[in-house]
Amino acid sequence: MEITCEVNGQPVTVEVEPHWLLADVLRNQLGLTGLHLGCEYGVCGACTVLMDGEPVRSCLSFASQVAGHQITTVEGLAVDGKLNRVQTAFINHHALQCGFCTPGFLVTGTYLLQQGKLLNREEIREALSGNLCRCTGYQQIVDAVEEAVNQQSANAVECE
Amino acid sequence: MAYIGQRMTRVEDERLVTGQGQYVSDITPSGTLHLAVVRSLHAHARITHLDLSSAQCLDGVIGVYGPDDVLPIMKPFPPGMVDARLQARMPTPLATGRVHYVGEPVAVVVALSRYIAEDAVRLVEVNYEPLPAVTDPVAGEYADPIHDGADSNLAAEIAYRVGAGADALKDADLVVQTSLRLGRVVGHPMEPRGIVAIYDSEQQNLSVYAGTQGVHGFRKSLADMLGLSESRIRVVAPDTGGGFGLKTRIYPEDVLAAYLAMRLNRPVKWQGDRYEEFISTNQERDQWHRAKIGVKRDGRIVAVVDEYYQDQGAYTPSGIIVADTTAVSIMGPYRVPNFEAVGKVVVTNKVPVGPYRGAGRPQGTFVMERLMDHAADALGMDRVQIRRINLLTPDQLPYQNGISSRGALMTLPYGEYQKTMEQVVDAIQYEQYRDTVRCEGDWRLGIGIANYLEMSGGVGFEGAKMRLLSDGRVQIATGASGQGQGHRTAIGQVAADRLGLPFEQIVVVEGDTAAIERGIGTFGSRTMIMAGNATTQAAKGFRQRLLAFAADLFEASPEDLMWQHGTISVSGVPARALSLAQIAEEALTRQQELEYEAYFDASGPAFGMGTHGVEVAVNTKTWEVKIRQYRICHDGGVIVNPLLVEGQTIGGTVQGLGTALFEALIIDPDSGQPQNASFLDYLLPGAGEMPDFMITEVEYPDPTNPEGFKGVAEGGVMPPMAAVCAAIEDALKEWHVRADVLPITPNDIFLQVTRGGAHETRSI
Ligand code: FES
Ligand code: FES
């Protein structure tokens, strides 16, 4: 079957089998290999993408489900080659080591940022608890998300 | 500017945060065929019948292969880490006749897509005649041998003795004995193992992409198994999603994929999934100890004695490195005049044991630190006080503890161990804590302290090859490939300093056999010690090489030249100067390669001491354990990049907390079947359960290498288990809970409490 959706701001039409997973189609058919498969059953979060702005596990979604929807992957977080706040904060805080889990954390972090709420560390830890990382021990990820999210909210408050 | 010591952000990161990383799973050359593995469903069985025909008939299947179909590679893997004490048990790429663990490869399918390959796996018919599974190393030692042709399941016996050994216990005022158990931990790098093999039949060259920790060793093993010259194989470790020791050696799937790529003359890719990670990648910890400590009434240690079993699983892919390192790690930073350790490595019907972060160090630390706590309790002494009494003091250092390891007598260099421990004791307010109320509603609070001695590096060599690139940048290639440690940044910092160049002018290349002829790899926290010092050595030679070349150009003698900020000039004649880019241009026209390669040889391991302190809260209704505070003081030697060191320390500590509180693969004792082989049932530490860590570093340069570097990646994982167990016991004093079995779960605590304080809990 043929599906049409929007991926990282671009309209995309792709031929898929009904049982193909969104993760596989993004990776294999569209070459967006940023998202990773760490478990393929919804626990690790490495495959997280945004669908209409909400985080979803692409390993648990069929490609056919996203017809007509907007998908954002890690490749779509930077705008015009400029890293978003979460990406920059990840670099500054050494929030990644091997980087395999990182796309999932960045997508989740970007979602939190887009919510525009101030979050304390405990809330951030809770919000990140659907993503596993085996390298960092999380602290520097929390540092990065804290800085990105709260900087953003602080700016928003100033503007109001 | 000095780069060593700076908190520099990583050159690796920009690609990785934009999704541009290229991990093995991201690499799929056109025309790639996909391999999937038929794995044993039994822990121990004879294969009576293997029928590949239905699988072969599935549309899109290229081939299905049993052991008879891949005869040229059906030989045992060369033993990894040969040791005279060991009778190695090495697998063949596919099991023949008998299977030895749930997950052992039995056959493989190659198909046009992974979907089809996995479907075809289900169509392969294997008939098994189950045999009794050996699942307990103690009973297993005398059970029927699980390997054809072996006399027994005892693969090795390890023995160390210092002073009078166990005989010295008679001189003690008090002897305390305890049984300790560490669960079977699955290392779980977030990237499961995988390989892409590409054969060029015209050139007869094989290229593989594999997330290995040592490309050169991988190439050697592959060459041996395929009967191909090493010069025909290129191994590239692209971005690699964590290794932690599990990716040091070659696995059956690697050889099968490479062999079939050659045979089918098409790229072949195998990408393991999480379940395969649970049932086919080396596992670790999994030891049983019966340990004794003899002390004088004043708390001084007289002797430490340990008898232990390593539940080795079915094979010995990395020899006895884990069991051996356990023994040599026990004494830690303490003065132990008499010591004896006897370890038995017993093969069982489980996934093989191979190094996982720490590789025995965490086990040894757990034994010693638990003994210290129990001895203090028995003496009615404070648990920190007994450590104060027994830690080595500066006037006793350097200290030889009487054990020979990694080819050298273990020599602990200067450090101020008491000070390191006191920093943590003060930071966590241990003294005040003892006298305060330790309840908050349903929660009881407790505190635990554990010390460790981190042994790093110390074996073999590692190289650095410098080359002037055409734009004047310097490329450094090393065989020590990274899996997230940030080598490119850290080695770049060393190189920039030692070459006197801006950091931006350095490019580090790792994980490619084509970039440097020889190498060993990344394990045992060795890279900064080994590749770092090799970089320093190479810098010297490389400068001389460039100066000699420039001297020719200037028609001057090298002694009259100056090297400053990447410019070479004639002393006193500043107008006569060439930048490295100009020199590169000259070299190009003269068709000269400006390169220099140096290899650093280890002269024994480095040692750094550290302390962890933890405060836990235990809920007296649910027995849930929460970590409230965590303090670390750690000697990292000369620290190249504190940002990266903190990352290693925290990451390691969280893995240790996983071993302490959550992680163990539970194997049914009768059938040998894993009971919790999924992330839904086997819990990894998550962001929500983990605390913020407060870390202080002390820097005592290591005397065994010119730069004074020490390894820092394994210190974190060594003491959390003992510290957490101590804290739980402290919190639950009232119930006499004893936390000697890992992981210590709410269920274990509950059972102990209901039994009125048990000393032995379940066995996993
Ligand atoms: S791969 Fe989707 S959650 Fe793990
Ligand atoms: S950075 Fe390696 S798993 Fe998160």
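These protein sequences, in sequence, are chains Y and G.
So the first sequence is numbered by our numbering: it starts at 6 and just counts up by one.
So the second sequence is numbered by our numbering: it starts at 368 and just counts up by one.
We put the CB at the ideal spot given by N, CA and C, even for glycine.
Expressed to the nearest angstrom, what Euclidean distance is found between the alpha-carbon atoms of S938 (chain G) and R377 (chain G)?
-> Locating residue 938 (chain G) in the second sequence gives position 571, where the first residue counts as 1. Locating residue 377 (chain G) in the second sequence gives position 10, where the first residue counts as 1. Going by the C-alpha atoms only, they are around 36 angstroms apart.
Entirely enclosed alpha helix (DSSP H) segments - the region 473-504 of chain G, minimum 4 residues | Every alpha helix (DSSP H) of 4 residues or more that sits fully in the region 473-504 of chain G is shown, in chain order, as 481-490.
Is E471 (chain G) helix, strand or coil when you go by DSSP?
-> Numbered from 1 along the second sequence, position 104 holds the residue referred to as residue 471 (chain G). Three-state result, E471 (chain G): coil.
Report all residues for which the CB-ligand distance to some heavy atom of ligand 1 is below 6 angstroms; order them along the chain.
-> Residues with a Cβ closer than 6 angstroms to any heavy atom of ligand 1, in chain order: Y:L42, Y:G43, Y:C44, Y:E45, Y:G47, Y:V48, Y:C49, Y:G50, Y:A51, Y:C52, Y:R62 and Y:C64.
Runs of beta strand (DSSP E) lying entirely within the region 1059-1105 of chain G, each at least 3 residues, in chain order | Whole beta strand (DSSP E) segments, 3+ residues: 1060-1065.
Contact set between T385 (chain G) and chain Y, taken where Cβ atoms lie within less than 8 angstroms | Walking along the second sequence from the start, residue 385 (chain G) turns up at place 18. Going along chain Y in sequence order, the residues near T385 (chain G) (Cβ under 8 angstroms) are G39, V79, E80, L82, A83, L88 and Q92.
Name the chain Y residues whose beta carbon is nearer than 8 angstroms to that of F1046 (chain G)?
-> Walking along the second sequence from the start, residue 1046 (chain G) turns up at place 679. Scanning chain Y for C-beta atoms nearer than 8 angstroms to the C-beta of F1046 (chain G) yields C44, Y46, V48, C49 and L137, reported in chain order.
Could you give the DSSP three-state label for K717 (chain G): helix, strand or coil?
-> Numbered from its first residue, the second sequence carries residue 717 (chain G) at position 350. Three-state DSSP puts K717 (chain G) in coil, outside helix and strand.
Can you find a CB in chain Y that lies within less than 9 angstroms of the CB of S588 (chain G)?
-> Here residue 588 (chain G) is taken as the residue at index 221 of the second sequence, counted from 1. No - not a single Cβ of chain Y is within 9 angstroms of the one on S588 (chain G).
Tell me, to the nearest whole angstrom, how far the beta carbon of P1113 (chain G) is from that of E991 (chain G); I am working on the premise that it is less than 8 angstroms.
-> Within the second sequence, residue 1113 (chain G) is the residue found at index 746, counting from 1. Within the second sequence, residue 991 (chain G) is the residue found at index 624, counting from 1. With 8 angstroms as the limit, P1113 (chain G) and E991 (chain G) qualify as a contact, their Cβ atoms being about 5 angstroms apart.
DSSP state of L595 (chain G) mapped onto helix, strand, coil | Working through the second sequence from its first residue, we reach residue 595 (chain G) at position 228. In the three-state DSSP reduction, L595 (chain G) falls in the coil class, being neither helix nor strand.
Could you please tell me which residues of the region 609-635 of chain G, in chain order, have their CB closer than 9 angstroms to any CB of chain Y?
-> Listed in sequence order: G609, G610 and F611.
The alpha helix (DSSP H) with K786 (chain G) in it runs from where to where?
-> Here the question's residue 786 (chain G) lines up with position 419 in the second sequence. It spans Y784 to A794 - the alpha helix (DSSP H) in which K786 (chain G) sits, taken as one unbroken run.
Starting from the Cα of G612 (chain G), find the closest Cα among G:R382, G:D678, G:V1007 and G:V689 and give me that residue.
-> As a working mapping, residue 612 (chain G) is identified with position 245 in the second sequence. Checking every option, the nearest Cα to that of G612 (chain G) belongs to G:V689.
Within its chain, find whatever has a CB closer than 7 angstroms to the CB of A590 (chain G); leave out the 5 residues flanking it on each side and keep chain order.
-> Within the second sequence, numbered from 1, the residue matching residue 590 (chain G) stands at position 223. Same-chain partners within the cutoff: S596, E597 and I600.
Among the residues of its own chain, which have a CB less than 6 angstroms from the CB of M592 (chain G), if the five just before and after it don't count?
-> On the second sequence, position 225 is the one that residue 592 (chain G) refers to. Excluding its 5 nearest sequence neighbours in each direction, M592 (chain G) has C-beta neighbours in its own chain below 6 angstroms: I440 and V622, listed in chain order.
Is it the case that the Cβ atoms of Q650 (chain G) and P504 (chain G) are separated by a distance below 9 angstroms?
-> For the purposes of this step, residue 650 (chain G) is taken as residue 283 along the second sequence, with counting starting at 1. For the purposes of this step, residue 504 (chain G) is taken as residue 137 along the second sequence, with counting starting at 1. With respect to P504 (chain G), Q650 (chain G) sits apart: the two C-beta atoms are not nearer than 9 angstroms.
Using a Cβ-Cβ cut-off of 9 angstroms, state whether V147 (chain Y) counts as contacting chain G.
-> Counting from 1 along the first sequence, the entry for residue 147 (chain Y) is found at position 142. With its beta carbon less than 9 angstroms from one in chain G, V147 (chain Y) belongs to the interface.
For L1011 (chain G), which residues in chain C fall below 8 angstroms Cβ to Cβ?
-> No chain C is part of this structure, whose protein chains are labelled Y and G.
CB-CB under 6 angstroms to R998 (chain G), same chain, minus the five flanking residues each way: which ones, in chain order?
-> To locate residue 998 (chain G), count along the second sequence from 1; it is residue 631. Once the five neighbours on either side are set aside, the close Cβ partners of R998 (chain G) are V791, A794, I795, G980 and M1061.
Taking 8 angstroms as the threshold, find out whether the region 842-853 of chain G comes into contact with the region 877-895 of chain G through three or more Cβ pairs.
-> Yes, the region 842-853 of chain G is in contact with the region 877-895 of chain G.
Could you tell me the boundaries of the alpha helix (DSSP H) in which S421 (chain G) lies?
-> As a first step, residue 421 (chain G) is located in the second sequence; it is residue number 54 there, counting from the start. Looking at the DSSP string, the run of the alpha helix (DSSP H) that includes S421 (chain G) is S420 to C424.
Of the choices G:Q763, G:G1019 and G:D1115, whose alpha-carbon is the least far from that of Y723 (chain G)?
-> The residue given as residue 723 (chain G) occupies position 356 in the second sequence. Out of G:Q763, G:G1019 and G:D1115, the CA that lies nearest to the CA of Y723 (chain G) is found in G:G1019.
Compare the C-beta of H555 (chain G) with all C-beta atoms of chain Y and state if any pair is closer than 9 angstroms.
-> In the second sequence, the residue the question calls residue 555 (chain G) occupies position 188. Judged by the 9 angstroms Cβ criterion, H555 (chain G) is in contact with chain Y.
Does the beta carbon of H2 (chain Y) come closer than 9 angstroms to any beta carbon on chain G?
-> The shown model of chain Y, from 6 to 165, leaves out residue 2 (chain Y), and the question about it has no answer.
Verify the CB distance criterion: does A1054 (chain G) have a CB-CB separation below 9 angstroms to chain Y?
-> The count along the second sequence starts at 1 and reaches residue 1054 (chain G) at position 687. With respect to chain Y, the C-beta atom of A1054 (chain G) has a partner C-beta closer than 9 angstroms.
Distance CB(A951 (chain G))-CB(G839 (chain G)) smaller than 9 angstroms = As a working mapping, residue 951 (chain G) is identified with position 584 in the second sequence. As a working mapping, residue 839 (chain G) is identified with position 472 in the second sequence. Their beta carbons are under 9 angstroms apart, which means A951 (chain G) touches G839 (chain G) by this criterion.
So with Cβ pairs under 9 angstroms, would you call M1057 (chain G) a contact of chain Y?
-> Taking the second sequence and counting its residues from 1, one reaches residue 1057 (chain G) at position 690. With 9 angstroms as the cut-off, M1057 (chain G) counts as an interface residue toward chain Y.
For the region 932-1014 of chain G, list the beta strand (DSSP E) runs that are entirely contained and at least 3 residues long, ordered along the chain.
-> For the region 932-1014 of chain G, whole beta strand (DSSP E) runs of length 3 or above, ordered along the chain, are 934-937, 940-946, 962-968, 973-986 and 992-1002.
Candidates G:V1091, G:T607, G:R382 and G:V1104: which alpha carbon is nearest R995 (chain G)'s?
-> As a first step, residue 995 (chain G) must be located in the second sequence, where it is residue number 628. Of the candidates G:V1091, G:T607, G:R382 and G:V1104, the one whose C-alpha sits nearest the C-alpha of R995 (chain G) is G:V1091.
What residue does the alpha helix (DSSP H) around Y800 (chain G) start on, and which one ends it?
-> One-based indexing of the second sequence puts residue 800 (chain G) at position 433. Y797 to R801 is the extent of the alpha helix (DSSP H) around Y800 (chain G).
For R532 (chain G), which of G:F706, G:D567 and G:K659 has the nearest alpha-carbon?
-> The sequence position of residue 532 (chain G) within the second sequence is 165, counting from 1. Arg is not the amino acid found at residue 532 (chain G); the sequence shown has Gly there. Restricting attention to G:F706, G:D567 and G:K659, the CA atom closest to the CA of G532 (chain G) is found in G:F706.
Would V1021 (chain G) count as contacting chain Y if we go by Cβ distances under 9 angstroms?
-> On the second sequence, position 654 is the one that residue 1021 (chain G) refers to. Interface residue, yes.
Does the region 749-764 of chain G come close enough to the region 635-646 of chain G that 3 or more CB-CB pairs lie under 8 angstroms?
-> Three or more beta-carbon pairs separated by less than 8 angstroms are not found between the region 635-646 of chain G and the region 749-764 of chain G, which leaves the two stretches without contact.
Any heavy atom of ligand 3 closer than 8 angstroms to the Cβ of P1068 (chain G)?
-> Ligands in the displayed structure: ligand 1 and ligand 2; ligand 3 is not one of them.
Nearest candidate by alpha-carbon position, reference D380 (chain G), set Y:T141, Y:G142 and Y:T93 = If you number the second sequence from 1, residue 380 (chain G) lands on position 13. Taking only the C-alpha atoms, the option nearest D380 (chain G) is Y:T93.
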